[in-house]
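These protein sequence lines map, in sequence, to chains A and W. Once you know that position 163 of the first sequence is 163 in my numbering, the rest is easy, because the numbers rise by one and skip nothing. Once you know that position 92 of the second sequence is 1092 in my numbering, the rest is easy, because the numbers rise by one and skip nothing. Worksheet: the structure to be examined is printed underneath.
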Amino acid sequence: MLWSRFVAPRNTQRAAMVFVWSAGIITILILLTIIVYVLVQGIPEIGWSFLTTPPKGGLAGEGGISTIIVSTIYLIALTIGILVVPGIGAGIYLAEYAPNNRLTRIIRYGIDTLAGIPSIIFGMFGFALLVTALHLNFSILSGALTLVCLLLPTLIRTTEEAIKAVPRGHREGALALGATKWQTIRHVVLPAALPGIITGIILCVGRALGETACLYVTIGSYTGMPTSLLDPGRTLSLHIYYLAMETNAFEKAMATATVLIVAIIVINAITNWLSYRFQIKMRGRLS
Amino acid sequence: MSRYFADRASKNIVFICAFASIIILIAIFVFIFKEGLPVFRQVGILDFLFGTQWRPGIGEYGVLPMILGSLYVTFGAMLIAIPLGIGCAILLAEVAPFKVRQILRPAVELLVGIPSVVYGLVGLLLVVPAVRHIGGNGFSIMAASIVLAAMILPTIISISEDSIRAVPRSYKEGSLAMGATQWQTIWHVLLPAARSGITASVILGMGRAVGETMAMIMVIGNSVKIPISPLDSGRTLTGNIAAEITYADPEHMSALFATGIVLFFMIIILNSIALIVLKRGVRARAVE
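Dropping the structure here:
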């Protein structure tokens, strides 16, 4: 309490409030700078032709992003398609079955650790196992499988949370009617938890859209139209990277970033809306 | 009978799903070590960790410049992000009126969602030229620290805010009732009580910072040398891997995986500390 002997608490309070408010204002300014800077330069570039022509490649970075959008959609669809079974399955196990023992603690520790591993390490793993050892080469499939490993912890956690939010009474009712545990989960718990699980899946789509490092070393940089899952491809985020580092077409990079940011804002809005509805629904039934 | 069979089968299937995470974790571990260990044997662990020359062409692999690059950048980012992040968390949890929170919270959420290449792009076009005005060519530890600080800010804000909010109301009311000012209450009561969550947020932020790749490649300059001043360019461990992996020959590749091992250990240590700190916080609260 030495401090208060020299500076009146009232003044400390005032100085602290100035600091705290400046921190908030700086945070908002960072966000505004990024968004405004990208959108102002990006929006004028975006038109029908930008979205529907393929990139021409080369140093000038001419052309649009049609094939990039298609590759991105293929990659994300494939990733989510593979991800849902192990992700939701593991979420069900942890929420409904996992006994409180050492094995469960190991599994939880494993999931927590996996969630903290940086993207580039997943990329190295994908590169060594999928691209090289399994000869999948740089392909959308390699990229998708790598992304599945990266996103697994996110989907497991959100599924587990969603299932745990389902009121106990639902389960007890079903079990009392003679349903087996699995029938209860399948016909009562999962339908009730579905909005929460879908929120988790959309969250994964958002993260997949933004991911670069692990795809940089697994999916390739092909700008043509992918015709099979074994073709290489290029996602929107990767395209921004290549445009910024290998061409002078910064305005194209900004335009691509605008498309990406708009997609992410939409996804954020959907996620918020769904999870809000889900909470209301769960609380409403509890009372 | 069949529904009992389905019951048992499903239980096993979901268990396998949960176990898959462990298998993936072990597979990553095994692969990276299997590929990376040969270079330790060839160059020697100490020479690899403390060597200052990285010349794949002539078989010299010293990763110290990259270790220091990663540490400097992380430290620089923390210097900016910790005060800003905790300040903003206090604002959100205790000070700001409801309306301000309604604007600030979605802004923080959006910052999390912005992809790292976009941070890199804005860093490349705004931060790098700004640093160039101070000195050097702009691609520098300082530029990388600023970009990284913006990226980890939301992690620190959201976890710190949650932990300040989780402090029981009675603590605050007790302190205010004894005549403490709002700031005295925050500084002497709320922040110490939320210590474990705030520490964990900082460590998780550090984990993100050490692991960030693409944005770093775009603004740090990627030259292999030990940075002396914040205006020097440098290279991070992650950048070292991403920049060279696609064209490396087998020996060089092994050195890159060994770089991955170093990175892996740094991250595992940071995350384990964060998990322990967080758990301790939860337990302390449960005891109360």
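Note that the Cβ used here is the ideal one computed from N, Cα and C, for glycine as well.
For this session: Please state if the CB of W:Ile1141 and the CB of W:Gly1076 are separated by a distance shorter than 8 angstroms.
Result: yes
Problem set entry | Cβ of A:Gln279 within 8 angstroms of any chain W Cβ | no
For this session: Consider the Cβ of A:Leu155: report whether some Cβ of chain W lies at a distance smaller than 8 angstroms.
Result: no
Problem set entry | Nearest-angstrom beta carbon gap, W:Ser1116 and W:Met1151 [assumed within contact, 8 angstroms] | 7 angstroms
Exercise. Within 10 angstroms of its Cβ, does A:Glu246 collect 16 or more other Cβ (buried), or is it exposed?
Worked result: exposed
Problem set entry | Straight-line gap, A:Ile163 to A:Ala95 (C-alpha atoms, nearest Å) | 6 angstroms
For this session: Could you tell me whether any Cβ in chain A is nearer than 8 angstroms to the Cβ of W:Val1063?
Result: no
Exercise. Are the segment 76-89 of chain A and the segment 200-215 of chain A in contact at 8 angstroms, needing three or more beta carbon pairs?
Worked result: yes
Problem set entry | Segments of 4+ residues assigned as alpha helix (DSSP H) that fall wholly inside the segment 1188-1253 of chain W | 1195-1211, 1214-1220, 1237-1244
Problem set entry | 8 angstroms Cβ cut-off: residues of chain A touching W:Ala1107 | Thr27, Ile28, Leu31
Exercise. Is A:Glu211 buried or exposed, if buried means 16 or more other CB atoms sit within 10 Å of its CB?
Worked result: buried
Exercise. In the segment 207-223 of chain A, which residues sit with their C-beta less than 8 angstroms from some C-beta in chain W, listed in chain order?
Worked result: Leu209, Gly210, Glu211, Thr212, Ala213, Tyr216, Val217
For this session: Tell me, to the nearest whole angstrom, how far the beta carbon of A:Ala179 is from that of A:Val38; I am working on the premise that it is less than 8 angstroms.
Result: At roughly 52 angstroms, the Cβ-Cβ gap does not stay under 8 angstroms, so A:Ala179 and A:Val38 are not in contact.
For this session: Might you give, ordered along the chain, the residues of its own chain that have their beta carbon closer than 8 angstroms to the beta carbon of W:Leu1278, omitting 5 neighbours on each side?
Result: Ser1196, Gly1197, Ala1200
For this session: Throw me the rounded Cβ distance for the A:Leu75 and A:Thr235 pair, which I believe falls under 8 angstroms.
Result: 6 angstroms
Exercise. Going by alpha carbons, who is nearest to W:Thr1052 out of W:Tyr1061, W:Asn1012, W:Gly1044?
Worked result: W:Tyr1061
Problem set entry | When W:Phe1264, W:Ala1194, W:Cys1088, W:Val1095 are compared against W:Ala1107, the one with the closest alpha-carbon | W:Cys1088
For this session: Leaving aside the five residues before and after A:Cys149 along the sequence, list all residues of the same chain whose C-beta is less than 6 angstroms from its C-beta, in chain order.
Result: Phe122
Exercise. A:Pro55 by DSSP, collapsed to three states: which one?
Worked result: strand
Exercise. Could you check where the alpha helix (DSSP H) with W:Gly1120 kicks off and where it finishes?
Worked result: 1116-1122
For this session: Starting from the C-beta of A:Ile264, find all residues in its chain whose C-beta is less than 8 angstroms away, skip the five residues before and the five after it, and write them out in chain order.
Result: Gly206, Leu209, Gly210
Problem set entry | Segments of 4+ residues assigned as alpha helix (DSSP H) that fall wholly inside the segment 8-56 of chain A | 9-42, 48-52
For this session: Report the residues of the segment 1122-1155 of chain W with a CB closer than 7 angstroms to any CB of chain A, ordered along the chain.
Result: Val1122, Leu1124, Leu1125, Leu1126, Ala1150, Leu1153
For this session: Determine contact between the segment 273-285 of chain A and the segment 220-234 of chain A, defined as no fewer than three beta-carbon pairs at a distance below 8 angstroms.
Result: no
Exercise. Do A:Met225 and A:Pro54 have their C-beta atoms closer together than 8 angstroms?
Worked result: yes
Exercise. Who are the Cβ neighbours of W:Phe1015 in its own chain at under 6 angstroms, not counting the five residues just before and after it?
Worked result: none
Exercise. Checking contacts by CB at 8 angstroms: is W:Asp1162 closer than that to chain A?
Worked result: no
For this session: Go through its chain and collect everything with a Cβ distance to A:Asn248's Cβ below 8 angstroms, but skip five positions before and after it.
Result: Leu59, Ala60, Gly61
Exercise. Using a Cβ cut-off of 9 angstroms, which residues of the segment 1075-1089 of chain W contact any Cβ in chain A, in chain order?
Worked result: Pro1083, Leu1084, Gly1085, Ile1086, Gly1087, Cys1088, Ala1089
Exercise. Under the three-state reduction of DSSP, which class applies to W:Gly1136: helix, strand or coil?
Worked result: coil
Problem set entry | Sub-8 angstroms separation of W:Ile1032 and W:Ile1276 beta-carbons | no
Exercise. Using 8 angstroms as the limit for Cβ to Cβ distance, is A:Lys56 near chain B?
Worked result: Reference to chain B is not applicable here, since the protein chains of this structure are A and W.
Exercise. Can you tell me the Cα-Cα spacing of A:Arg14 and A:Ile26, whole angstroms?
Worked result: 18 angstroms
For this session: Kindly indicate which three-state DSSP category A:Arg102 falls into: helix, strand or coil?
Result: helix
Exercise. Under 8 angstroms between the Cβ atoms of W:Leu1025 and A:Leu114?
Worked result: yes
Exercise. Along the segment 1006-1021 of chain W, what residues have a CB closer than 9 angstroms to any CB found in chain A?
Worked result: Ala1006, Asp1007, Arg1008, Ala1009, Ser1010, Lys1011, Ile1013, Val1014, Phe1015, Ile1016, Cys1017, Ala1018, Phe1019, Ala1020, Ser1021
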